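Participant: Just remember that the numbering used here sits 666 ahead of the position in the sequence shown, which is counted from 1.
Using N, Cα and C, we set each Cβ at its ideal position, and we do this for glycine too.
All of these numbers come straight from a predicted model, not from anything done at the bench.
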Amino acid sequence: MRAVSKQKSAISDMESMAKWMDSRFTIPGTNIRFGLDALVGLIPGVGDFGTLCISGYMISVLAKNGASRLVIARMTLNVVIDALLGSIPIIGDIFDVAFKANQRNVKLMREHYVEGRHQGGAWKVVLPALLVLFLVVGAMAWLSYRFFAWLFN
Numbered sequence: 667m668r669a670v671s672k673q674k675s676a677i678s679d680m681e682s683m684a685k686w687m688d689s690r691f692t693i694p695g696t697n698i699r700f701g702l703d704a705l706v707g708l709i710p711g712v713g714d715f716g717t718l719c720i721s722g723y724m725i726s727v728l729a730k731n732g733a734s735r736l737v738i739a740r741m742t743l744n745v746v747i748d749a750l751l752g753s754i755p756i757i758g759d760i761f762d763v764a765f766k767a768n769q770r771n772v773k774l775m776r777e778h779y780v781e782g783r784h785q786g787g788a789w790k791v792v793l794p795a796l797l798v799l800f801l802v803v804g805a806m807a808w809l810s811y812r813f814f815a816w817l818f819n
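1) Based on the DSSP output, what are the partners of residue 692 in its beta bridges?
2) With contact counted as at least three CB pairs below 8 Å, one residue from each stretch, are the segment 723-732 and the segment 752-763 in contact?
3) Applying the criterion that 16 or more other CB atoms from any shown protein chain within 10 Å of the CB defines a buried residue, is residue 779 buried or exposed?
4) Just to confirm, are residue 806 and residue 728 a CB contact at a threshold of 8 Å?
5) Measuring straight from C-alpha to C-alpha, what distance separates residue 713 and residue 819?
6) Assuming residue 689 and residue 701 form a contact by the criterion Cβ under 8 Å, report the distance between their Cβ atoms to the nearest whole angstrom.
7) What is the rounded straight-line gap between the Cα of residue 674 and the Cα of residue 764?
8) Out of 693, 676, 699, state which residue places its alpha-carbon closest to the alpha-carbon of residue 685.
9) Starting from residue 764, follow the alpha helix (DSSP H) in both directions and report where the run begins and ends.
10) Would you call residue 752 buried or exposed, if buried means 16 or more other Cβ atoms sit within 10 Å of its Cβ?
11) Given a cut-off of 8 Å on the beta-carbon distance, is the pair residue 737 and residue 774 in contact?
12) Taking residue 739 as the reference, which of 678, 816, 794 has the closest Cα?
13) State the Cα-Cα distance for the pair residue 743 and residue 761, rounded to the nearest angstrom.
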């Protein structure tokens, strides 16, 4: 009984934090919502690192409350995507407004705790993510090589 109460409290706290991070404010005259993630992300380097830390904290709270490895892996993937693409100047801030990683994670958490979904291991998320990461790093290395070859010829 106590664990269920603790999970409900964690869900409530994380929903509130996700709202502040992703959709607390509205651009006047539009339906576009944004949060502190997009605002703080405007500060080069420090802002993106700070929002990454907050998202990481949210995942750690959920892990302590019994989230499955699959849910943790999917949440981590959301945060990594948000951190990588969100760190691109200007485009990343627009991406932060659209992607809303923290709200995606709260949805996953709610589905896990309330609906009993996303049970099991994380390999079906980790292996494709590692494959994509490998391909991206390989492509970046190849592009860097081509750029420097072009530059010095």
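Facilitator: Once the coordinates are examined:
1) As a first step, residue 692 is located in the sequence shown; it is residue number 26 there, counting from the start. DSSP, once it has assigned bridges, lists 699 as partnering residue 692.
2) When C-beta atoms of the segment 723-732 are compared with those of the segment 752-763, fewer than three pairs fall below 8 Å, so the two segments do not count as touching.
3) Position 113 of the sequence shown, counted from the first residue, corresponds to residue 779. With 16 or more other Cβ atoms within 10 Å, it is buried.
4) Start at 1 with the first residue of the sequence shown, and residue 806 comes out as number 140. Start at 1 with the first residue of the sequence shown, and residue 728 comes out as number 62. Not a contact, by the Cβ cut-off of 8 Å.
5) Translated into positions along the sequence shown, residue 713 becomes position 47. Translated into positions along the sequence shown, residue 819 becomes position 153. One C-alpha to the other measures close to 39 Å.
6) Locating residue 689 in the sequence shown gives position 23, counting from the first residue. Locating residue 701 in the sequence shown gives position 35, counting from the first residue. Sure, about 5 Å apart at Cβ, within 8 Å.
7) Taking the first residue of the sequence shown as 1, we reach residue 674 at position 8. Taking the first residue of the sequence shown as 1, we reach residue 764 at position 98. Looking at the two C-alpha atoms, the distance is approximately 27 Å.
8) As a working note, residue 685 is residue 19 in the sequence shown. When each option's Cα is compared against that of residue 685, the closest is 699.
9) Position 98 of the sequence shown, counting from 1, holds the residue named residue 764. Counting along the chain, the alpha helix (DSSP H) containing residue 764 begins and ends at 757-765.
10) Looking up residue 752 in the sequence shown gives position 86. Buried, since its Cβ has 16 or more Cβ neighbours within 10 Å.
11) Stepping through the sequence shown from its first residue, residue 737 is reached at position 71. Stepping through the sequence shown from its first residue, residue 774 is reached at position 108. A contact, by the Cβ cut-off of 8 Å.
12) Here residue 739 corresponds to residue number 73 of the sequence shown, with the count starting at 1. Comparing Cα positions, the closest option is 794.
13) Here residue 743 refers to the residue found at position 77 when the sequence shown is read from its first residue. Here residue 761 refers to the residue found at position 95 when the sequence shown is read from its first residue. Answer to the nearest angstrom: the Cα atoms are 15 Å apart.
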